[in-house]
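Taken in order, these protein sequences are the chains called A and B.
Per the numbering used here, the first sequence starts with residue 7, numbered consecutively.
Per the numbering used here, the second sequence starts with residue 70, numbered consecutively.
Note that CB positions come from ideal geometry on N, CA and C, so glycine has one too.
Since the structure comes first, as structure tokens, the remarks are kept for the end.
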Amino acid sequence: MIEKLSLPVSVGITFDHTKRKVIPRWVLWKGRLYPVEKVGFHHTFRSGRTLFHVFSVASKTLFFRLVLNTDTLAWRLEEISDGLPD
Amino acid sequence: MDYRTELVFNKKPSTIMHLDLNSCFATIEQQANPHLRGKPIAVAAYSTPSGCIVAPSIEAKACGIKVGMKVKEGKLLCPSLIVLAPDPWKYRNVHLGLRRILGGYTDKFYPKSIDEFVLNLEGYPAYQKGMFNIGLEIKERIKKEIGEWITVSVGISPNRFLAKTAAGLHKPDGLDEINRKNFKDIYSNLELTDLCGIKTRNAARLGGMGIYSVLDFYEAPYWELKAAFESILGYYWYLRLRGWEIDDVAFARRSYGNSFALPKPLTTIEELSPVLSKLVEKTGRRVRRAGYKIQGVHLAIVYRDGASWHKGVTTSKVLFDSRDIYKIAFRLLARSPYRRPVRELAISVFNLLPEASLQLELFDDIGRKEKIVKAVDKLNERWGDFVITPARMIGTKEAVIDRIAFGGVKELEEFTLNT
Numbered sequence: 007m008i009e010k011l012s013l014p015v016s017v018g019i020t021f022d023h024t025k026r027k028v029i030p031r032w033v034l035w036k037g038r039l040y041p042v043e044k045v046g047f048h049h050t051f052r053s054g055r056t057l058f059h060v061f062s063v064a065s066k067t068l069f070f071r072l073v074l075n076t077d078t079l080a081w082r083l084e085e086i087s088d089g090l091p092d
Numbered sequence: 070m071d072y073r074t075e076l077v078f079n080k081k082p083s084t085i086m087h088l089d090l091n092s093c094f095a096t097i098e099q100q101a102n103p104h105l106r107g108k109p110i111a112v113a114a115y116s117t118p119s120g121c122i123v124a125p126s127i128e129a130k131a132c133g134i135k136v137g138m139k140v141k142e143g144k145l146l147c148p149s150l151i152v153l154a155p156d157p158w159k160y161r162n163v164h165l166g167l168r169r170i171l172g173g174y175t176d177k178f179y180p181k182s183i184d185e186f187v188l189n190l191e192g193y194p195a196y197q198k199g200m201f202n203i204g205l206e207i208k209e210r211i212k213k214e215i216g217e218w219i220t221v222s223v224g225i226s227p228n229r230f231l232a233k234t235a236a237g238l239h240k241p242d243g244l245d246e247i248n249r250k251n252f253k254d255i256y257s258n259l260e261l262t263d264l265c266g267i268k269t270r271n272a273a274r275l276g277g278m279g280i281y282s283v284l285d286f287y288e289a290p291y292w293e294l295k296a297a298f299e300s301i302l303g304y305y306w307y308l309r310l311r312g313w314e315i316d317d318v319a320f321a322r323r324s325y326g327n328s329f330a331l332p333k334p335l336t337t338i339e340e341l342s343p344v345l346s347k348l349v350e351k352t353g354r355r356v357r358r359a360g361y362k363i364q365g366v367h368l369a370i371v372y373r374d375g376a377s378w379h380k381g382v383t384t385s386k387v388l389f390d391s392r393d394i395y396k397i398a399f400r401l402l403a404r405s406p407y408r409r410p411v412r413e414l415a416i417s418v419f420n421l422l423p424e425a426s427l428q429l430e431l432f433d434d435i436g437r438k439e440k441i442v443k444a445v446d447k448l449n450e451r452w453g454d455f456v457i458t459p460a461r462m463i464g465t466k467e468a469v470i471d472r473i474a475f476g477g478v479k480e481l482e483e484f485t486l487n488t
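Have a look at this one:
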């Protein structure tokens, strides 16, 4: 099931200077820590002049769409899914 | 053109490569969400039961789900189908990634749509690697640089048409060449309708001349094809099937337009005008951003019962302000003779004029108007689309959402120019 949201979320990241890559490591959601097993895709878009980075990441059981606002450096959780049909 | 009609298959080496991203939107969604991989999924314009499926995954295609089906039809065929809404920026980012990769091999690469590219490697150093090796290298780089789930079918040939045909031979993840040595073998395994551009009506035309297979089509003399198509198209097919180039034509943009499929049936002008206003705002902004003014407006309406109505007008005044375009579009809407539930509303503007000095008017201050429009555009660009809008657009928040057009790359031109 896919749930569309727009809520603040805590995300732990690392930055690898050799690859110049930011990698989300964990998502803290509803008091539970979900280690990120895989970053499926990373893309960007602009709304007005504000640049947003979107990380599509998966824990063992859940998928999270995490959006970073580069103006405020705040993360939002925009989608959560278990990969199963509705 | 020199109409030579005694041609053999082109002896030129295969320098054209066609790349086709397999099940584009669905594959990208599976790339983004690893939990969806290996499952039947479909990207649909709307996830409601009557929403139109725009991209089924390879697994969904195996269940018989096709592009254009309704979501409810897809779910009947495959109850475990997972339906997703389109995410245009995700697909545009993949498109840009592909452009980055392909641009390293040749300057002559042409995006044909969001998921199709044509490369001409003739005369470029990369050609020395060999076309097959380049195809394999591109596939590898896509997996490494864009995503491991993304696959492309690659076709190689002396011309664009046969390169596209070759790319369709083994989907997904194919790599095939059609050249003067193997074309007859390949033609003998294809149906006429496997050729891009030949569907039932053209197949019937050809059948009328006794042409029933691709091999018949190839072997038919020019006069037979001319008689079948009753136009220059017969000669174009004569060239295509012999590996000669006829499709390397780029058409200039002649119009800008936006359309919206209404999720609920609206009938009256009062109901439709806010949606029309949003369509005009969007189109107007795109035209101005591209540096054009216009002298023509066209409105098309498709009704729920399948009927349609359209009307275009050429204006004497040069237009650039969305408010002026709206006035004309609204007049067109008011002139539509039918009051039935509308399924789709489409606006387009034509007679594009590159930025030119404006004719001053006696009563209107055109210079001031242009400054105001530019200021509003700047505000919208700075703070996001539709920050400042006409009041008549109130209530259209979910209408005219961001979409990727199929079949053309004109919209992508704007997008890539602005990134």
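With 16 other Cβ atoms within 10 Å as the buried cut-off, status of residue i
i               : result
M200 of chain B : buried
N487 of chain B : Here N487 of chain B scores only 48 on pLDDT, less than 50, and its place in the model is too uncertain to base an answer on.
D242 of chain B : exposed
P42 of chain B  : This structure does not reach residue 42 of chain B, given that chain B is present from 70 up to 488, and the question cannot be answered.
T220 of chain B : buried
P357 of chain B : According to the sequence displayed, residue 357 of chain B carries Arg and not Pro. Buried is the call here.
C121 of chain B : exposed
V60 of chain A  : buried
F432 of chain B : exposed
T96 of chain B  : buried
D88 of chain A  : exposed
G476 of chain B : Caution applies to G476 of chain B, whose pLDDT of 47 falls short of 50 and renders its modelled position unreliable; the value that the coordinates give is listed next. So G476 of chain B ends up on the exposed side.
P155 of chain B : buried
K233 of chain B : buried
I151 of chain B : buried
F329 of chain B : buried
Y281 of chain B : exposed
F178 of chain B : buried
Interface flag, residue i vs chain B, CB-CB below 7 angstroms
i              : result
T24 of chain A : no
P30 of chain A : no
F69 of chain A : yes
E84 of chain A : no
Contacts that residue i makes with chain A (C-beta to C-beta distance below 7 angstroms)
i               : result
A101 of chain B : G46, F47 and S62
Chain A residues whose Cβ lies nearer than 8 angstroms to that of residue i
i               : result
R451 of chain B : G54 and R55
I183 of chain B : In chain order: nothing, as chain A lies at least about 14 angstroms away.
Residue-level contact to chain A via CB, residue i, 7 angstroms cutoff
i               : result
I151 of chain B : yes
L105 of chain B : yes
K351 of chain B : no
E75 of chain B  : no
Within chain B, the residues that residue i reaches when beta carbons sit closer than 7 angstroms
i              : result
D77 of chain A : Per Cβ cutoff of 7 angstroms: no residues; D77 of chain A is ~11 angstroms from chain B at best.
beta-carbon residue i near the ligand SAM non-hydrogen atom, thresh 6 angstroms
i               : result
D242 of chain B : This structure simply doesn't include the ligand SAM, nor any ligand for that matter.
message = Taking beta-carbon pairs under 9 angstroms, can you tell me which members of the region 37-54 of chain A lie near chain B?
response = For the region 37-54 of chain A, which is checked against every Cβ of chain B, the residues closer than 9 angstroms are E43, K44, G46, F47, H48, H49, T50, F51, R52, S53 and G54.
inquiry  = Taking 8 angstroms as the cut-off, does the region 375-395 of chain B touch the region 350-365 of chain B (at least 3 CB pairs, one atom from each stretch)?
reply    = Touching, yes.
request  = Return the residues of the region 11-22 of chain A that lie within a Cβ-Cβ distance of less than 7 angstroms from chain B, sorted by chain order.
outcome  = Within the region 11-22 of chain A, no residue has its Cβ closer than 7 angstroms to any Cβ of chain B.
key: Inter-stretch contact (C-beta, 8 angstroms, three-pair minimum) for the region 226-240 of chain B and the region 255-272 of chain B   = In short, these stretches touch, since the Cβ pair count reaches three.
request  = Could you tell me whether the region 442-451 of chain B touches the region 48-55 of chain A, where touching means 3 or more Cβ pairs closer than 8 angstroms?
outcome  = Yes: the two stretches touch, three or more of their Cβ pairs being nearer than 8 angstroms.
message = With three or more C-beta pairs closer than 8 angstroms as the rule, is the region 67-75 of chain A touching the region 188-207 of chain B?
response = No, they do not touch.
request  = Could you run through the region 191-224 of chain B and flag, in chain order, every residue whose CB is less than 9 angstroms away from some CB of chain A?
outcome  = For the region 191-224 of chain B, residues whose beta-carbon sits nearer than 9 angstroms to a beta-carbon of chain A comprise I215, G216 and W218.
Within 7 angstroms of chain A by C-beta, residues of the region 156-169 of chain B in sequence order = Of all residues in the region 156-169 of chain B, those with a C-beta nearer than 7 angstroms to a C-beta of chain A are W158, K159 and N162, reading in chain order.
ask   = Just checking, does the region 415-431 of chain B make contact with the region 360-369 of chain B on the three C-beta pairs under 8 angstroms criterion?
value = Short answer: they touch.
query = Is the region 93-109 of chain B close to the region 245-253 of chain B, with three or more CB pairs under 8 angstroms?
reply = Segments in contact, no.
query = Is the region 80-99 of chain B touching the region 216-230 of chain B, taking contact as three or more C-beta pairs under 8 angstroms?
reply = Contact holds: three or more Cβ-Cβ distances are below 8 angstroms.
query = Three or more C-beta pairs closer than 8 angstroms, one from the region 454-465 of chain B and one from the region 331-346 of chain B: is that the case here?
reply = In this structure the region 454-465 of chain B lies against the region 331-346 of chain B, because at least three pairs of beta carbons, one per stretch, are closer than 8 angstroms.
ask   = Does the count of Cβ pairs from the region 76-86 of chain B and the region 311-325 of chain B closer than 8 angstroms reach three?
value = Result yes; three or more Cβ-Cβ pairs closer than 8 angstroms.
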